[in-house]
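Read through the structure below, which is laid out as structure tokens, and then see the notes.
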DNA sequence: GTGAAAGCGCTAACAC
DNA sequence: GTGTTAGCGCTTTCAC
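Dropping the structure here:
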């Protein structure tokens, strides 16, 4: 009792009340007199008292911790370039809602059992899982175990699982439509594997635009490759005859830009190039790259909210699709400003 | 008791022993008969029983959780390009040691109080903190609160604080030395602000090499700028007369490569370029970029080990400096192979 | 409005 | 070797 009080009971003793009352105050619960509440609040502030999270969680039967899976080395994962930002968004939202964030990486080997384990041990109440495709074995395990989960970047729902995603398809559709309207006729989409949900959507948007044009002299082509800078460099055959190259990643577009410059073709005079992700690079590319910005902060916030519903109210929120933004820049000429898609 | 047993007492009841005995088995402690241990182990396996982490932690007085701080948006942060890998390394090591990882991002605003809070609430036992400079306010707070902490990327120790870093200086020194030996005479170092520990070290290594050469016709120049792709592009004045450009980041080197190509100077024929970080880009740059690889996995593993010593044995391990590797590639000609530095 | 009491599920000290 | 007991520090009925 000398020095700082370190338990709720010590605070209670000093305030001349019982531990239960202090607990009520700390949790903002009713049933405490104005007088007493004030006195206790002041004591808590004075001693900067926080309480013991582990004890609280044991008593409440949950951990107020969100597990988030961060597939670091999965190079096929479409959201890779934006993971750090997404992670930041989730972490910020979690903090806002008073949740801690437990990180699971998949840098080495299969993390499934470790994650399941953390849930069983009640270290996490639920999961936010940026997933690529339905082939991800973790999804199956998570459903099996009944772990409350919010998927990001993949659209699959179940009993205790919902998702948040954005309009990959509409963004690419808008880009293709505008390039067509500007007179481009041989358009190639450099895309990742279509079984990955986001890439599949982008493919759909692309072909929708091509078909909607009704133009008989319009040639669309989709090339499937591993995304990344190297992919751009290696795609020379695919873009040789194109007058517009839509890339599914900024890094790929960066490679294409270099490739075109080396072969003396001018961007955007004779060929347009676009990227995806709105990475810092895109604004500094030469010429600055038209790209697509995903609503990362909103995605993170919504994922956290959904997960809290799932875990605390046992309701499964409806899946959500958030709008992307096409950021028009010099690599597609002056033909448009920025707008929502 | 129907369905799966869910507490240690239920397991104990089925095994016909007491909860204490089951606990001993689960924690691999002595004092249990061979017979009983076998029977209990089998039951645990059969029911896939894990126990409740929160209860365990409450009883033990610690959380077996490592807090790791991930400064996402701090663009001046030197380790930025490698954070995801570093994070993966730390996370893997933590798992290996049976620790959970709690993530704190600094994407928005000052995270200090949130982090302190988590420690006070006993949600984390200690911190791994990739830090830039002694100006980081979090360092001061952490020392003040006496939170066991391992710093990465900054060299500052105290009572409950130690660090792991790598040979930034020697890597740059080796590069400069080799370029000098190959005949380069006007060498510029594009570096970040020297108050940042890692940049300061690189500066030291650079000047050591210049001075050690004893060459009177050798001109070294250090330019301090914000690292990143844009920085490279914007540094044209600084590199105009150089025959070697040593960059403190691969992204900067990428910009320089582009700049030189646009002004018709050939790499590596008339000018050498090197980067830092060994990001995926560097291998695919044109020409492939000579760069420096940091020992991220070892750093992560050691940081975790040190932190465990700090928290569980109350001993403060000696700071550690790990070796970097210079990766020689086409941007510096054919003059060397890869070696440790 | 407030206190007392009974846990939450585990670990650890001490008996036997 | 193993059981018993007493907490860890909080939340939450249930009386008053």
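Protein chains in written order, with the working numbering: chain A, 1 to 341; chain B, 342 to 682.
Glycine included, every Cβ here is placed at the ideal spot set by N, Cα and C.
Note that the structure is a prediction, hence the values are computed from the model and not measured.
Bridge-paired residues (DSSP) for residue 568 of chain B: Bridge partners of residue 568 of chain B: none, in fact.
Inter-stretch contact (C-beta, 8 Å, three-pair minimum) for the region 553-567 of chain B and the region 523-530 of chain B: yes
Cβ neighbour criterion (16 or more within 10 Å) applied to residue 405 of chain B: buried
Contact set between residue 233 of chain A and chain B, taken where Cβ atoms lie within less than 9 Å: 625, 627
CA-to-CA distance, residue 588 of chain B to residue 615 of chain B, given in whole angstroms: 6 Å
Neighbouring residues, chain B, relative to residue 63 of chain A (Cβ below 8 Å): 394, 395
Top-ranked residue by Cα proximity to residue 608 of chain B, from B:457, B:586, B:370, B:364: B:586
Assigned secondary structure, residue 239 of chain A (DSSP; H/G/I helix, E/B strand, else coil): helix
Residue 252 of chain A, DSSP secondary structure in three states: helix
CB contact check: residue 337 of chain A to chain B, cutoff 8 Å: Since pLDDT at residue 337 of chain A reaches only 49, below the 50 mark, its modelled position is unreliable, and the value read off the structure follows with that caveat. No - not a single Cβ of chain B is within 8 Å of the one on residue 337 of chain A.
Assumed close pair residue 269 of chain A, residue 196 of chain A - CB separation to whole angstroms, cut-off 8 Å: Incorrect: roughly 33 Å between the Cβ atoms, too far for contact.
Residues, ordered as in the chain, of the region 580-614 of chain B that lie near chain A by beta-carbon distance below 7 Å: 599
Closest residue to residue 263 of chain A among A:177, A:151, A:240, A:21 (Cα-Cα distance): A:240
Neighbouring residues, chain B, relative to residue 114 of chain A (Cβ below 9 Å): 436
Interface flag, residue 429 of chain B vs chain A, CB-CB below 8 Å: yes
Own chain, CB closer than 7 Å to residue 637 of chain B, minus 5 neighbours either side, in chain order: 423, 426, 427, 430
Any C-beta of chain B under 8 Å from that of residue 9 of chain A: no
Where residue 132 of chain A falls: helix, strand or coil (DSSP): coil
Test: residue 217 of chain A CB closer than 8 Å to a CB of chain B: no
Inter-residue Cα distance where the pair is residue 324 of chain A and residue 168 of chain A: 7 Å
C-alpha gap between residue 453 of chain B and residue 468 of chain B, whole angstroms: 12 Å
For residue 119 of chain A: DSSP bridge partner residues: Answer is none; residue 119 of chain A lacks a bridge partner.
Neighbourhood of residue 290 of chain A by C-beta, 6 Å cutoff - its chain only, sequence neighbours within 5 removed: 274, 328, 329, 331, 332
Continuous alpha helix (DSSP H) assignments of at least 4 residues falling wholly in the region 138-195 of chain A: 168-181
Under 7 Å by beta carbon: chain B residues contacting residue 191 of chain A: Here the premise fails: no neighbours, minimum Cβ distance about 19 Å.
Coarse secondary structure for residue 407 of chain B, derived from DSSP in three states: strand
contact_flag[the region 137-156 of chain A, the region 202-215 of chain A] where n(CB pairs < 8 Å) is 3 or more: no
Residues of the region 478-498 of chain B whose Cβ lies closer than 9 Å to any Cβ of chain A, in chain order: none
Other residues of its chain near residue 479 of chain B: CB distance less than 6 Å, five sequence neighbours each side excluded: 453
Alpha-carbon to alpha-carbon, residue 170 of chain A and residue 265 of chain A: 29 Å
Sequence-distant residues of its chain with Cβ nearer than 8 Å to residue 687 of chain B (five each side left out): An answer regarding residue 687 of chain B cannot be provided, because it is not within the stretch 342 to 682 covered by chain B.
Burial state of residue 519 of chain B, where buried means 16 or more other Cβ atoms lie within 10 Å: buried
Cβ of residue 443 of chain B within 8 Å of any chain A Cβ: yes
Where residue 357 of chain B falls: helix, strand or coil (DSSP): coil
Helix, strand or coil at residue 586 of chain B according to DSSP, with G and I counted as helix: strand
Neighbouring residues, chain A, relative to residue 468 of chain B (Cβ below 7 Å): Within chain A, no residue comes near residue 468 of chain B; the closest Cβ sits about 14 Å away, beyond 7 Å.
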